[in-house]
Amino acid sequence: MRAPRNVGARGRVAVLRDPEGAALAVMRSAGGDPAPTPPASGDFVWVQLWARDHEMARAFYEKVGGWTVRRFVAHDGIDEGVFEAGGEEVAGLIEIPWPKVRPNWLPYVQVADVDATIARATELGGRVLVRGARLAILQDPRGAAIGVEQMSTAQEPSR
Numbered sequence: 002m003r004a005p006r007n008v009g010a011r012g013r014v015a016v017l018r019d020p021e022g023a024a025l026a027v028m029r030s031a032g033g034d035p036a037p038t039p040p041a042s043g044d045f046v047w048v049q050l051w052a053r054d055h056e057m058a059r060a061f062y063e064k065v066g067g068w069t070v071r072r073f074v075a076h077d078g079i080d081e082g083v084f085e086a087g088g089e090e091v092a093g094l095i096e097i098p099w100p101k102v103r104p105n106w107l108p109y110v111q112v113a114d115v116d117a118t119i120a121r122a123t124e125l126g127g128r129v130l131v132r133g134a135r136l137a138i139l140q141d142p143r144g145a146a147i148g149v150e151q152m153s154t155a156q157e158p159s160r
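Shown next, in the form of structure tokens:
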């Protein structure tokens, strides 16, 4: 979608589409990856690939990123997995449960209070697509989706 280019002192980036059409950016950082730090409210904490063909996704991301997939069947029979690299969980993989949703990468942001975040989002014209006890998938007024996840006091994702 966008050829590799330098982005100042940050490094080099390109924007791609995977075989199912999900867009993603890849980057080679000029200074290396930053050391992990505990997430704060408002930080991105997870990303999940919503795909129709898990075998294609597994094969593609294994070749492109060196990731492996640990798969399991989630609730209600929806196939879900976790991409791993170097023994670390790096992203989720989920079967798209609705026919009108296109393959995509869904980012999740940590929030202090999922109920307050939902209330504020709907107040601003957004809507709730999925609601769990400690997470939600929200859609903004223009149609973009984002996941919000309330972290536990131990700073562990509720996944």
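The numbering of the sequence shown is this note's numbering, which starts it at 2 and goes up by one.
Even for Gly, the Cβ is constructed at its ideal location relative to N, Cα and C.
Membership of M28 in the beta strand (DSSP E) is indicated by the continuous run A24 to S30. Separation of L25 and M152 (C-alpha to C-alpha, rounded to the nearest whole angstrom) is 25 Å. As far as DSSP is concerned, W68 takes part in no beta bridge. Annotation for A146: the continuous beta strand (DSSP E) segment containing it runs A146 to Q151. Taking 4 residues as the shortest admissible run, the segment 74 to 113 contains no complete alpha helix (DSSP H) segment at all. Going by beta carbons, V46 and P40 fall inside the 7 Å limit. Separation of the CB atoms of L139 and A113 is rounded to 15 Å, and the pair is thereby denied contact status at 8 Å. A residue is called buried when at least 16 other Cβ atoms come within 10 angstroms of its Cβ; G148 meets this threshold and is buried. At a Cβ-Cβ threshold of 7 Å, W106 and A31 do not count as neighbours. Using a Cβ distance threshold of 7 Å, I79 and W51 do not count as a contacting pair. For V65, the closest C-alpha among the options L17, E81 and R72 is that of L17.
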